[in-house]
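Protein chains in written order, with UniProt numbering: chain V, 1 to 317; chain L, 1 to 487. Built from N, CA and C at the ideal position, the CB exists for glycine as well.
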Amino acid sequence: MTSTTSRPHVRISKAANRYFVFDIDDVMYLRRNHNICSVFVGTMPQAPQQSAFMGLPIELMAEEAQVLVEKEVAYVVDDSKYHPARIAAAGPQDRQYIDVVKGITSDAQRSMRETTETRKAMFAHKGASKKKERKDKKASDAQTSEDVTAAPSADTEAATSLFDTTPEPASATTKNPSVTREAAPEAWLATLTTSDSLLTPAPGQDEPLASVDVPASYPLYAHLQDKGYFMMPGLRFGCNYNVYPGDPLRFHSHFQATGFQWNEDITLLDLVTGGRLGTNVKKSFLIGGRVEGEEQRKDETEAALDVRAFSIEWAAM
Amino acid sequence: MAYDDEDPTAAPPPAIARDDPSKVAIEDVEDAEADEAIPDFRKFASSLPGGGASGGGALNKKATPHVSSKTVRRGEKDFESHGTRLQENALETSRTAMHDVLSYTRTRTPDNTMTGWYFPEHWAQETSEGEKPEGLWRRDRVVVLEAEKGQMTRSMGRVLRGAPKNVPGWDKAWLLPEEALYLVERGDLMLRWPRGPIEDIFPPPEEVDGVKREVARGEDGDYELGLPLSLQAAYSLFIGNEGDRGKVTLEKFQVYSQLRRTGYLVSRASPLFDPPPPSDTQTLWQRLFSLISSPKSDTPKSHPPMGPLIKPGLYRSYEPLYHHLSLIPRHKPTPTPNTPAPEGPFTVTYHVFKSRPGFTKTNLPLPDFRIAVVNARTTDVPSLAEMEALLDSTPWDPPNARSGAGGPSIGHMYQRLKHGWRNVIVAVNDNGMVSYLEFMESAFGEEKLFERFDAKPGAGGKKSSGRNLKGGRGRGRGGRGGRGRGK
């Protein structure tokens, strides 16, 4: 686990009131240390014809963005304004950014060349059957150059070290029938996932950070988040949040949570609907809200709101 | 497992050959929905060529060797943490797999990548959105392609034919924001932010012959002309609020990209692509025809305030009886409604086409589906007026099973009712999860079962299961209809 203190803040990119995180390291950091997983919304470049498995970026709920800002692990930047301005303003960052792109493309090119050479050696050595070769060629024509992984992180060094972990030539050859023709003399092209080096340094004091508009159920979210639960948007279960005891990669969710105001009337119908649905999907129906009025704890702070939550289980159905 | 139909495991399978979009089988909308609800990883992995983890050597695999499909989601999920190292390791493997797969950077050789330049202001001064389909939404077209390559441009980007030839980039394809962003996500488009005016990249024609305007390319080569943009930059440039020029809302983009991933071809909706409403003569003819075929008008007559609906008397057929019984006016679809144009979220956003050979973006066929995109978090259930306006904005599309000789058959009745007189799909986008709901204008009053009771059994010439029944009743009416095939 990475230490929380030394790490630079996570950059949340806000565009049209949506909150995105693009850096995979940030995403995994939030997942490991701040029990926030959120929803991947991007098309997978490796498998672009399916929707079951999605890639970067993740879209944070407004609640998640707000919690991270309050914990001082992240900051929100209005990228629809700030990002284009940064691109337009040519500066020394450009140099750095282009170097990163160049590094990645030349790495990709080199790795491709290496694979090709190993392959050639393999074929010369083993004398692979013609049939297989033809098949390979067909496959590689459809997809010339996708067998290269590179780190999304800004520094080239990381990218290179990642390439060191490429498997031994033998297995690579069987798995990667790459381009048989000569590598193109032109430079390769790359689309980075983040504009990191272009956007550093982070907006200073003069640049106001974007605010987050949170829904009314925010106190309940913050409370459960503080207790270490993972939460996903819960609209599919007719609630505000779907609450997991641990990383949803590993665990089923326990609760479907809906936030209420402390003095808000809750209709019986809501309870029945939530309770029955929860029982049906093997979850408990959880309601909660921020305590108001006389019952409120005196030591309530902005960071730790006084929230109480109740779970409702159906005794029989 | 079956109950928990949410799958937050967003980690993809590591090694998948890139599908050639032209070869993608088109799923039904229903299938796509089912897939979306329960993404069963194992099923998914096994449906890919070679299966997940250890496919055959001939497969075109990516070099993500440490990730196998098994590690992304190994085994069933647990109820809660029980503090064992086994569980911790399993989770750690999954996370590492996810990290490895998502660390991918889009790199391509120049010959299978398109390069696009971001010129948001190029068409901004255009006053008209274009009257011809070629020039549609020109104000929103913000990315110009250097050259069109590959299958993807079959349905994306347009060359604005109406544009004057002295405008640089007039002969290039221009992309809409959702198209550009989708191509960037796929890795098919390398987006560039130009450093100079558009003339640097596309020199005006008169200067092409001369060696004029040779932009100095320093050590950075192409990078001098413009900065390669990242995915993050593309999102910040293209995702906007409703009504922003040159941008698209996230929910629309997500619906667009999901449909494209599934294999459909999508274009922005425009009334220009709709067939004109049926002309007046046609409706007049239909009206005349209906007058001849059923002398009794459809509108219920005024009934006496008291007394039985059907007065005692001699009735020779069922039809007048049922006409007397009909008290409540029924909805009758009209081809030329006069409802106002739809406003707000419930407006047709996209036309969707099934992938087919010979599809060209310059000559769009009639769309297979019309889709309105709404945001689940900010939109309420549509009011009747909104729904009516939305439906009436779609072309008149009556069920064609009606126009069979011998009148409508009962077997196709449900088909006709399901088809409706107009139809539209509403895509409800909830944080990236899209539900597709189909709405149609149905008219139950148009399916008159009682007309069949009077039909002559021989007249239709259709063999239906109700035939003997008809014959039987016919006999009761004075032996007009005979049993069997008529005499």
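Check: Report the three-state DSSP secondary structure of residue 257 of chain L (helix, strand or coil).; Outcome: helix
Check: Hey, could you find the ends of the alpha helix (DSSP H) residue 280 of chain V is sitting in?; Outcome: 268-280
Check: Does the separation of the CB atoms of residue 84 of chain V and residue 185 of chain L fall below 8 angstroms?; Outcome: no
Check: If you draw a straight line from the alpha carbon of residue 170 of chain L to that of residue 180 of chain L, how long is it in whole angstroms?; Outcome: 18 angstroms
Check: Check distances from the C-beta atoms of the region 427-441 of chain L to those of chain V and list, in chain order, the residues that come in under 8 angstroms.; Outcome: 430, 431, 432 and 433
Check: Just by C-beta distance, which residues in the region 270-285 of chain V are closer than 9 angstroms to chain B?; Outcome: No chain B is present in this structure, whose protein chains are V and L.
Check: Just to confirm my understanding: we take residue 22 of chain L, look at its own chain, exclude 5 residues before and 5 after, and list those with CB closer than 6 angstroms. What are they?; Outcome: Low per-residue confidence applies at residue 22 of chain L: pLDDT is 37, beneath 50, and the placement is therefore not dependable, though the value from the model is reported in the following sentence. Correct list, in chain order: 151.
Check: So is residue 55 of chain V in contact with chain L if we call contact Cβ pairs under 8 angstroms?; Outcome: yes
Check: Tell me, please, whether the region 25-45 of chain V touches the region 55-69 of chain V by the rule of three or more beta-carbon pairs shorter than 8 angstroms.; Outcome: yes
Check: Does the structure place the region 249-258 of chain V close enough to the region 55-63 of chain V that three or more beta carbon pairs sit under 8 angstroms?; Outcome: no
Check: Along the chain, where does the alpha helix (DSSP H) that runs through residue 32 of chain V open and close?; Outcome: 24-33
Check: Counting only Cβ pairs nearer than 8 angstroms, list the residues of chain V close to residue 423 of chain L.; Outcome: Ordered by position in chain V, no residue passes the 8 angstroms Cβ test against residue 423 of chain L, which lies about 24 angstroms from the chain.
Check: Under 7 angstroms from any heavy atom of the ligand MN, does the C-beta of residue 45 of chain V make it?; Outcome: Among the components modelled here there is no ligand, and therefore nothing to report on the ligand MN.
Check: Please go through the same chain and pick out, in chain order, the residues whose beta-carbon is closer than 6 angstroms to the beta-carbon of residue 219 of chain V, but skip the five residues on each side of it.; Outcome: 290, 305 and 307
Check: Taking only three categories from DSSP, how would you classify residue 430 of chain L?; Outcome: strand
Check: Could you check if residue 383 of chain L is buried or exposed, using at least 16 other CB atoms within 10 Å of its CB as the buried criterion?; Outcome: exposed
Check: Tell me which residue opens and which closes the alpha helix (DSSP H) that residue 197 of chain V is part of.; Outcome: 196-199
Check: Does any CB atom of chain L fall closer than 8 angstroms to the CB of residue 79 of chain V?; Outcome: yes
Check: How is the alpha helix (DSSP H) around residue 90 of chain L delimited, first residue to last?; Outcome: 85-102
Check: Can you grab the Cα-Cα spacing for the pair residue 36 of chain V / residue 101 of chain V, in whole Å?; Outcome: 30 angstroms
Check: Hey, out of L:105, L:91 and L:317, whose CA is closest to residue 451 of chain L's CA?; Outcome: L:317
Check: Quick one: which unbroken alpha helix (DSSP H) runs of 4-plus residues sit fully inside the region 327-399 of chain L? Chain order, please.; Outcome: 384-392
Check: Would residue 277 of chain V and residue 237 of chain V qualify as a contact pair, given that the criterion is a beta-carbon distance under 8 angstroms?; Outcome: yes
Check: Note down the Cα distance separating residue 103 of chain V from residue 224 of chain V, rounded to an integer number of angstroms.; Outcome: 43 angstroms
Check: Considering Cα atoms alone, identify which of V:51, V:280 and V:266 is closest to residue 262 of chain L.; Outcome: V:51
Check: Is it true that the region 331-344 of chain L meets the region 355-368 of chain L, where meeting means three or more beta-carbon pairs spaced less than 8 angstroms apart?; Outcome: no
Check: What does a CB cutoff of less than 8 angstroms around residue 310 of chain V pick up in its chain, not counting 5 residues either side in sequence?; Outcome: 286, 287 and 288
Check: Among the candidates V:98, V:18 and V:8, whose CA atom is the shortest distance from the CA of residue 25 of chain V?; Outcome: V:8
Check: Note down, in chain order, each residue of its chain lying with its Cβ closer than 6 angstroms to the Cβ of residue 229 of chain V, except the 5 sequence neighbours on either side.; Outcome: 243
Check: Just grab the DSSP bridge partners of residue 193 of chain L for me.; Outcome: L:227
Check: Would you say residue 251 of chain V lies against chain L (beta-carbon separation less than 8 angstroms)?; Outcome: yes
Check: Pick from L:147, L:154, L:333 and L:264: whose alpha carbon is nearest that of residue 350 of chain L?; Outcome: L:264
Check: Expressed to the nearest angstrom, what Euclidean distance is found between the alpha-carbon atoms of residue 281 of chain V and residue 245 of chain V?; Outcome: 16 angstroms
Check: To be precise: take each residue of the region 135-156 of chain L, compare its Cβ to all Cβ atoms of chain V, and keep it if any distance is under 7 angstroms. Which residues remain?; Outcome: none
Check: For the alpha helix (DSSP H) containing residue 413 of chain L, list its first residue and its last residue.; Outcome: 413-419
Check: Measure the CB-CB distance between residue 191 of chain L and residue 116 of chain L and report whether it falls below 8 angstroms.; Outcome: yes
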